[in-house]
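Residue numbers (this note's numbering): 2 to 255. Just so you know, even glycine gets a beta-carbon here, dropped at the ideal spot from N, CA and C. These figures come from a predicted structure and were not determined experimentally. To start, the structure itself, in structure tokens.
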């Protein structure tokens, strides 16, 4: 997910206030994370859609879809898919793949869709970015209101306990000739990642900031939103969730 605002041209492109406004809309975000395991993600989509037993041509919303890679794969599985994201740049690129049953639009995840969906997927820790905690509840309510009567929603989030246990405080990664220097830490209930690098003689700095939401936090939010939590898994193979060991916190609700 990313905001539709454009980044500043100044060296200091980011503030933690709406950090996603600039970072997700830059090419550097996609460069840094270009080596993500998309085959693993496709296996997750296979397992998830099989578990949900979605009907043929079910209407699926990929919420915070980025450049649409997973929307495209879900469409290839036979579903009628809408990919939605706040990044105008990502949606512009994703829209090249539009067909009769695959569409993309710029959308704020806090807003309800007029159309109802059989499944809504919010994948790969695309939740908890907002400065105001109330926006997390607003987002859950919007997801609920956008579901059909028998629809299911899925939030795939990090398992905070496992992340903090294995957190790498400092790391340097070189991608496409750019040396990204990253530091990670917990502060005020959020997990931060500071990213510093130089490109074409210019210094850049971004900060990722995600609310460290635990299962208990989600349960409280969902109860307040009137959501029924059906099942919880701990990885992309849909193994049972373990509070300290699982890599992911995958929640299925309606």
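- The beta carbon of residue 136 sits closer than 7 Å to the beta carbons of 111 from its chain, once the five residues preceding and following it are set aside; these are given in chain order.
- Residue 217 sits in a helix when the DSSP states are folded into three classes.
- Setting aside the 5 residues that flank it on each side, residue 141 is surrounded in the same chain by 222, 223, 226, 228, each with a C-beta closer than 7 Å to its C-beta; the list follows chain order.
- Counting C-beta atoms within 10 angstroms of its own C-beta, residue 93 has fewer than 16 neighbours from the protein chains shown and is therefore classed as exposed.
- With respect to residue 70, residue 118 sits apart: the two C-beta atoms are not nearer than 8 Å.
- Secondary structure of residue 210 (DSSP, three-state): strand.
- Counting the other CB atoms within 10 Å of its CB gives residue 106 a total below 16, which places it among the exposed residues.
- The C-beta separation of residue 191 from residue 211 comes to about 6 Å, placing the pair in contact by the 8 Å criterion.
- Taken through DSSP and simplified to helix, strand or coil, residue 182 comes out as strand.
- Assigned with DSSP and collapsed to three states, residue 169 falls in coil, not helix or strand.
- Under a 10 Å Cβ-count criterion, residue 134 is classified as exposed, with fewer than 16 other Cβ atoms of the shown protein chains found around its own Cβ.
- Exposed is the label assigned to residue 100, since fewer than 16 other Cβ atoms lie within 10 Å of its Cβ.
- Using a C-beta cut-off of 8 Å, the segment 229-242 makes no contact with the segment 172-185, since fewer than three inter-stretch Cβ pairs fall below that distance.
- The three-state secondary structure of residue 100, taken from DSSP, is strand.
- Take residue 184, set aside five residues on each side of it, and the residues of its chain with a beta-carbon closer than 6 Å to its own are 171, 195, in chain order.
- If you draw a 10 Å sphere on the C-beta of residue 82, you find 16 or more other C-beta atoms in it, and that means buried.
- Using a 10 angstroms sphere on the CB of residue 130, the tally of other CB atoms reaches 16 or more, which defines it as buried.
- Sorting 85, 245, 42 by C-alpha distance to the C-alpha of residue 238 places 42 at the top.
- Within its own chain, the residues whose Cβ lies closer than 6 Å to the Cβ of residue 215, once the five positions on either side in sequence are excluded, are 161, listed in chain order.
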